[in-house]
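All residue numbers for the sequence shown refer to the working numbering, where the first residue is 503 and numbers rise by one.
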Amino acid sequence: MAIKTRLTDFFGIAHPIILAPMTPAAGGALASAVADAGALGLLGGGYADRQWYDEQRGKVTNPKVGCGFITWAVENDPELFDRALQDLPKAMMMSFSDPAKLAPRVKAAGVPLICQIHTLEHAKRAIDVGADVLVAQGTEAGGHGLTARSTMPFVPSVVDLVSRTAPSVLVVAAGGIADGRGLAASLMLGADGILMGTRFWATQESLIHQAAKDKVVAASGDETIRTTVYDIVREKAWPEIYTGRLLRNDFISKWHGRESELRTMHQDERAKVDAAWESGDYDTANVTVGEAVGLINDLPSARDVVTRTIEEASHRLTAYSPSLRLAS
Ligand SMILES: Cc1cc2nc3c(=O)[nH]c(=O)nc-3n(C[C@H](O)[C@H](O)[C@H](O)COP(=O)(O)O)c2cc1C
503 MAIKTRLTDF FGIAHPIILA PMTPAAGGAL ASAVADAGAL GLLGGGYADR
553 QWYDEQRGKV TNPKVGCGFI TWAVENDPEL FDRALQDLPK AMMMSFSDPA
603 KLAPRVKAAG VPLICQIHTL EHAKRAIDVG ADVLVAQGTE AGGHGLTARS
653 TMPFVPSVVD LVSRTAPSVL VVAAGGIADG RGLAASLMLG ADGILMGTRF
703 WATQESLIHQ AAKDKVVAAS GDETIRTTVY DIVREKAWPE IYTGRLLRND
753 FISKWHGRES ELRTMHQDER AKVDAAWESG DYDTANVTVG EAVGLINDLP
803 SARDVVTRTI EEASHRLTAY SPSLRLAS
């Protein structure tokens, strides 16, 4: 079973699905498994941590894997960005802050440029700097983003903008999509495909502690929150507009709303969070997932996620059409 779109044509892949380049879940094994299943796997280059990149790059077994970085964090190791363009030339995804400075390097390398965007202004900017693909991320998404827009109205607005101003640019929907219903709906909104983070986070291959995965399987979509407390405690220099969506836990209950106080004692708290991350105490460590967590009841392989998503979307799309009754 296959769903062909402009996205599958552009990348020469079987399915219009992209793995979000999640830090640190999307390592070499997950990105390769997604690519093996016929979708686009992106390694999570994240904060440009060379040691992590080298280790995980070594685990990439499929030559069709691309990479993604947090744009403002590339300055942590600019040379690593160029290496990734050579190592993983299938695609480069840039998210969070202005892509203008780095985009020419991607274009010069002949690598397809994917820009994650959160507002129409971001979309225009990404088009101006030569993006081939826009990932329109709604606030339902896991991880960082804005509170500004929701996936359902944002994606078709981006589709309209693109069709008026740059029709060759592709649009991918992201945020709250975890199954074939989400893929079918995204196609109906005019998107060329979907990008999923949270759903692939909860797979066998993702680099996440089993205790965190178990928490996610048990959680409902009502339990997430956008917050900055873990960025404060980890001293990540996120531009102020961005917050992260995570599963609520004791740490967030304690510190969300008390950010100034947390800033004064972040070193003590960081030691606790780092220890909790290692030991599997996710009442203290972060569980970074979005509202799609409410659609997740198991921990399948990445291949199963791709297969199920395509089968369900195909079924929904074909089953629904004959039941349409159009009044004249
Ligand atoms: C654990 C986690 C880490 C993420 N890290 C990154 C990242 O490093 N770079 C990035 O571009 N997006 C990152 N994202 C956001 C994704 O690219 C994507 O927008 C989001 O996962 C889509 O929403 P969903 O989680 O509902 O599928 C992350 C998401 C999650 C859940």
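Where is the CB? At the ideal position from N, CA and C, for every residue including glycine.
Which value, in whole angstroms, describes the spacing of the CA atoms of residue i and residue j?
i	j	result
V735	L764	7 Å
S755	V775	14 Å
S670	M767	50 Å
A602	S823	42 Å
R666	M596	23 Å
I679	R552	30 Å
V661	E780	42 Å
L542	V576	22 Å
F702	V664	28 Å
A625	N564	30 Å
M654	M690	11 Å
S688	L819	11 Å
A504	I812	7 Å
R627	A693	19 Å
R508	D752	44 Å
L709	G529	6 Å
L801	E707	9 Å
K592	V808	19 Å
L636	E623	12 Å
K715	C569	24 Å
G644	R810	21 Å
A650	E737	24 Å
A611	W757	44 Å
V791	V657	20 Å
D733	K566	32 Å
I520	V536	8 Å
A739	H817	44 Å
What does DSSP give as the partner residues of residue i in its beta bridges?
i	result
V562	Looking at the DSSP assignment, V562 forms no beta bridge with any residue, so it has no partner.
F656	Bridge partners of F656: none, in fact.
G570	G546, M595
T621	According to DSSP, T621 bridges with nothing at all.
A675	A638, I696
L521	M698
G645	R747
I616	M595, V635
I727	L748
Notebook entry, point to check: Should the stretch 548-564 be called in touch with the stretch 601-616, which here means at least 3 C-beta pairs below 8 Å?
Noted result: no
Next item on the list: Check whether the stretch 714-724 touches the stretch 562-581, taking contact to mean three or more Cβ pairs, one atom from each stretch, closer than 8 Å.
Entry: no
Would you call the stretch 791-803 in contact with the stretch 516-526, where contact means no fewer than 3 C-beta pairs closer than 8 Å? no
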